[in-house]
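Engineer:
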Amino acid sequence: QWGATRGDGQYGEDITENLKTIAALPLRLRQSAETPSFLSLRGEVYMLKDNFQKLNRKRIKMGLDPFANPRNAAAGLMRQLDPRKVAGTSFTIVFYEILNIKGISVSSHQKALKLFAELGLKTTADYRRVNGSVEVRKYYNQILKNRENMEYEIDGIVMKVNDYDDRKKLGTRQRSPRWALAWKFPPREEITVLKEIMVSVGRTGMLTPIALLDPVDVGGVTISRATLHNEDEARKKDVRPGDKVRVARAGDVIPEVVELVKAGQNRGNQFEMPRKCPVCGSKVVREGAYYFCPSGLSCPAQIAGKIIHYASRPAMDIVGLGEKTVKEMVQKKMIKDISQLYDLTKEDLLQLEGFAEKSARQLYEAIQNAKNPDLKRFIYALGIRHVGEHIAGVLAENFKDIESLMKASSKDLQNISEIGPEIARSIEAFFSRKENLNIIKRLESHGIKFKKKHRKEKSKSLEGKTFVFSGKLQNYTRDEAKKAVERLGAKAASSVSGNTDYLVAGENPGSKLNKARDENVKILEEKAFEEILETITKSTNTVVPNF
567 QWGATRGDGQ
577 YGEDITENLK
587 TIAALPLRLR
597 QSAETPSFLS
607 LRGEVYMLKD
617 NFQKLNRKRI
627 KMGLDPFANP
637 RNAAAGLMRQ
647 LDPRKVAGTS
657 FTIVFYEILN
667 IKGISVSSHQ
677 KALKLFAELG
687 LKTTADYRRV
697 NGSVEVRKYY
707 NQILKNRENM
717 EYEIDGIVMK
727 VNDYDDRKKL
737 GTRQRSPRWA
747 LAWKFPPREE
757 ITVLKEIMVS
767 VGRTGMLTPI
777 ALLDPVDVGG
787 VTISRATLHN
797 EDEARKKDVR
807 PGDKVRVARA
817 GDVIPEVVEL
827 VKAGQNRGNQ
837 FEMPRKCPVC
847 GSKVVREGAY
857 YFCPSGLSCP
867 AQIAGKIIHY
877 ASRPAMDIVG
887 LGEKTVKEMV
897 QKKMIKDISQ
907 LYDLTKEDLL
917 QLEGFAEKSA
927 RQLYEAIQNA
937 KNPDLKRFIY
947 ALGIRHVGEH
957 IAGVLAENFK
967 DIESLMKASS
977 KDLQNISEIG
987 PEIARSIEAF
997 FSRKENLNII
1007 KRLESHGIKF
1017 KKKHRKEKSK
1027 SLEGKTFVFS
1037 GKLQNYTRDE
1047 AKKAVERLGA
1057 KAASSVSGNT
1067 DYLVAGENPG
1077 SKLNKARDEN
1087 VKILEEKAFE
1097 EILETITKST
1107 NTVVPNF
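Those letters in the sequence shown? Residues 567 to 1113, by my numbering.
#1: Under DSSP, the beta strand (DSSP E) around M895 begins and ends at which residues?
#2: Can you tell me which of the three DSSP states S790 falls into?
#3: Just to check, is the beta-carbon of F996 closer than 7 Å to a non-hydrogen atom of the ligand GDP?
#4: Three-state secondary structure (DSSP) at D731?
#5: Whose CA, out of P880, Y930, C859, A855, lies closest to the CA of T891?
#6: Mind checking which residues open and close the beta strand (DSSP E) that includes R637?
#7: Let me know the secondary structure DSSP gives V611 once reduced to three states.
#8: Within this structure, are the beta carbons of V784 and E756 separated by less than 8 Å?
#9: With a 10 Å radius around its C-beta and 16 neighbouring C-beta atoms as the bar for buried, classify L943 as buried or exposed.
#10: Looking at the structure shown, is R1021 part of a helix, part of a strand, or coil, going by DSSP?
#11: Does the distance from the C-beta atom of A814 to that of L794 stay below 8 Å?
#12: For a quick check, are the C-beta atoms of C843 and S864 less than 8 Å apart?
#13: Run through the DSSP bridge pairs and tell me what L747 is partnered with.
#14: Which stretch, first to last residue, makes up the alpha helix (DSSP H) that contains T582?
#15: Would you mind giving the Cβ-Cβ distance between I950 and F996, rounded to the nearest angstrom? I have them listed as a contact below 8 Å.
#16: Is D978 helix, strand or coil when you go by DSSP?
#17: CA-CA distance, V511 and R879?
#18: Judging by CA-CA distance, which residue of I789, R927, G888, P866 is the nearest neighbour of D903?
#19: Going residue by residue through the region 939–983, where are the continuous alpha helix (DSSP H) segments of at least 4 residues, counting only ones entirely within it?
#20: Which same chain residues end up closer than 8 Å to V765 when comparing Cβ atoms and leaving out the 5 residues on each side of it in sequence?
#21: Pull up the distance between the alpha-carbon of D780 and that of T788, whole angstroms please.
#22: Which residues bound the beta strand (DSSP E) around S766?
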């Protein structure tokens, strides 16, 4: 038996031992008339409202901050490294979807839920099979009406096509299935007084106006601060200290100021974003509706978030260096930037709350062992704005080491497929700051080596060609098809233009097909596309066929 978080869709965190502490999860499946030889399924760990309140009362007595909501509590605790910290927290679990099954066949969602119950796996008792939009709306209104009386938090319903064959015909988008749709409930709202507007600086350097409020209970959660999103939004709502405002929990999670209810007396000026970072004093820059502190790795407000990001699994993967530990390190001024992680001794770590000889030694070793990442991980770990895991991989494919990337101009970067002007400017700006360069030098002095591994030269059989994919392909996901042509030197674009050489059309190609015809772009069916790839792959000296 294995259990993992959803993660990024491909890689999650192993939480097997934590799952075993949940009483509602059987350690052995109950034998039924049809028992699969293999079963991979998706479920959700959650906490009942009463248990959530008990947990928060316990945390407050221990001097710990209470969790904001049951969802945050479940997500945070299930990722704990020590299962003993999870045991006794009264989690429960429901299962709702088959990912993979062997030994038997299941033809519909309803039959899958029935199978789960026969195997001893808990499912929700509140699901219904309905026909047509009228019955869907009736069910929605029924659950909405009963929302406050339910034992757990719920922010909407999910509508799913029951028959699995119909699901296959509908297919999936890049990030979500076409056979499922969420219908959210209206957010819970209350009225309170706005006391002050302050500006917070996040991990990426983004400045966000925050409304400090008279505490108010919104759906069982006490709200004392709420986001105003950005300067334009705050000015549009025209809320100022002393005003009565309506507050909601967006998605039943994130508190936000919805609107002005009644203006207060002696109102001051409208809110304006500061022109300097309120923490480090750097001149802020505006990008669209948002303001950013450009100091990056050297801004104190960004330090904790930067270190948490640096230590995360897709970055340097420093096991045991979690959010709570990092924040304590920063609070005690043990570290001022990511390079100082490597200055910490075991004696330093023993000063942290909850650390003993063994845990201090394990974290020390985890930090010291995180010195030889591949280039992609290191680029991602730096936390450059707009550079996620995918773009970090693109950069690692095009630069032999970090030094060559640091020297690249915005123009150089824009010559790379998938790197647009905004990403290029962000990268150039990051490496133009002396503070960031100094931190990278200090990392190198600590023994960080991030040279790119030697790889076999890519085939250039399709060099200079641009492909666009549209519609559902039978034998490839969209990502697989793109990578197939990129390995052969081609570019995979997202939209058809005069520069497009080929459109690969699957089922229901949509408007891209018409655009390709208008632009006289060569159109390939999936079979022809596969034959071309096969021909090129088999030959070491193949020229591009005239397809």
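For each residue, glycine too, the CB sits at the ideal point set by N, CA and C.
Structural biologist: Well, looking at it:
#1: Not the beta strand (DSSP E): M895 falls in the alpha helix (DSSP H), residues 889–897.
#2: The answer is strand: DSSP assigns S790 an E or B state.
#3: Absence of the ligand GDP from the depicted structure is noted, as is the absence of any ligand whatsoever, leaving it without description.
#4: Of the three classes helix, strand and coil, the one that applies to D731 here is helix, per DSSP.
#5: Checking every option, the nearest Cα to that of T891 belongs to Y930.
#6: First-last for R637: 636–644, but that is the alpha helix (DSSP H), not the beta strand (DSSP E).
#7: Residue state, collapsed to three classes: strand.
#8: Yes.
#9: For clarity, residue 943 is Arg in the given sequence; the question names Leu instead. Taking a 10 Å sphere around the C-beta of R943, we find 16 or more other C-beta atoms and assign the residue as buried.
#10: Only weak support exists for where R1021 lies, its pLDDT of 48 falling under 50; the value from the coordinates is given anyway. Coil at R1021, not helix or strand.
#11: Note that the C-beta distance between A814 and L794 is not below 8 Å.
#12: No, the Cβ-Cβ distance between C843 and S864 is not below 8 Å.
#13: In DSSP, L747 forms a bridge with M725.
#14: 582–585 is the extent of the alpha helix (DSSP H) around T582.
#15: That belief holds up - the Cβ atoms of I950 and F996 are roughly 5 Å apart, short of 8 Å.
#16: It is helical.
#17: Outside the shown range of the chain (567 to 1113) lies residue 511, about which nothing can therefore be said.
#18: Ranked by how close their Cα comes to the Cα of D903, the residues I789, R927, G888, P866 have P866 in first place.
#19: Taking 4 residues as the minimum length, the alpha helix (DSSP H) runs contained wholly in the region 939–983 are 941–947, 955–964, 968–973, 976–980, in order along the chain.
#20: Contacts found: L773, T774, P775, I776, M839, P840, P844.
#21: C-alpha of D780 to C-alpha of T788: approximately 10 Å in a straight line.
#22: Its beta strand (DSSP E) spans residues 755–767.
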